[in-house]
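Numbering (our numbering), first residue to last: 3 to 147.
A virtual CB, placed ideally from N, CA and C, is assigned to each residue, including glycine.
All figures in this text were calculated on a predicted structure; none of them were measured in a lab.
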Amino acid sequence: MITVQFTVRPGQGDASGFDLGDMAVTGEFGTADSAGHVPDQGMMIYLSVVQLLDSLGAFLRGNARTLSFTGADTSFNLVVRRTEGGLSVADKNAVVARTTALELASAVLHAAEGLGPSLPPEDPVASDWEAALAAFRPLVPSTKG
């Protein structure tokens, strides 16, 4: 099992596509989390999630063996690899989860949909956000689009 969480850091005023936030991926072997590091690994969370949706979607639709994702304005990195039994997800230290493409896509989509409603529709990032979600949703067949 894998869970993904995207959070916006408090105290930044009205929601903006450039808000700082954190990303956490938890699996049976541990957690990869951008929060609580020195130096700080927080990221522009909305832009990072758009980038993750775009890159993970292309990876899952394609046949590349490895996806290396680094968030916007951070050193936080995730590596997704195709394995014989599905996918592995790792940070710079170790594998945190072994999962399937559908399970990973579902966890990422669920987390993104939970974060998105706080972004105002007039925000400059909102159209990229909506386009990235729309392109990613078909990877999770049970999701209503």
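Cutting at 7 Å between CB atoms, please list the residues of its own chain near Asp-93, excluding the five before and the five after it.
Cβ within range, chain order: Ala-34, Asn-79 and Leu-80.
List the residues that DSSP assigns as beta-bridge partners of Ser-90.
Arg-83 and Arg-100
Boundaries of the beta strand (DSSP E) in which Gly-29 is found, first to last residue
22-29
Out of Ala-128, Arg-100 and Ser-144, state which residue places its alpha-carbon closest to the alpha-carbon of Val-27.
Arg-100
Segments of 3+ residues assigned as beta strand (DSSP E) that fall wholly inside the segment 28-75:
Entirely contained in the segment 28-75, the beta strand (DSSP E) runs reaching 3 residues are, in chain order, 32-35 and 68-72.
So the candidates are Leu-62, Ala-103, Ile-47 and Gln-43; which of them puts its Cα closest to the Cα of Ser-225?
Within the shown structure, residues of the chain are numbered from 3 to 147, placing residue 225 beyond reach of any answer.
May I ask you to list the residues that DSSP assigns as paired with Val-6?
Val-27
For Asp-16, collect the residues of the same chain with a Cβ closer than 8 Å to its Cβ; drop the 5 residues on either side in sequence, then sort them by chain order.
Pro-122
For Thr-85, would you say it is in contact with chain B, using Cβ-to-Cβ distances shorter than 7 Å as the test?
Here chain B cannot be found, since the structure has a single protein chain.
At the level of alpha carbons, what is the spacing between Thr-9 and Gly-73?
Near 13 Å, if we compare the C-alpha coordinates of Gly-73 and Thr-9.
Looking only at its chain, what residues have a beta carbon closer than 8 Å to the beta carbon of Leu-58, apart from the 5 residues adjacent to it on each side?
Leu-69, Phe-71, Val-82, Leu-106, Ala-107, Val-110 and Phe-138
For Val-91, count neighbouring C-beta atoms within 10 Å of its own C-beta (all shown protein chains included) and say buried if the count is 16 or more, exposed if not.
buried
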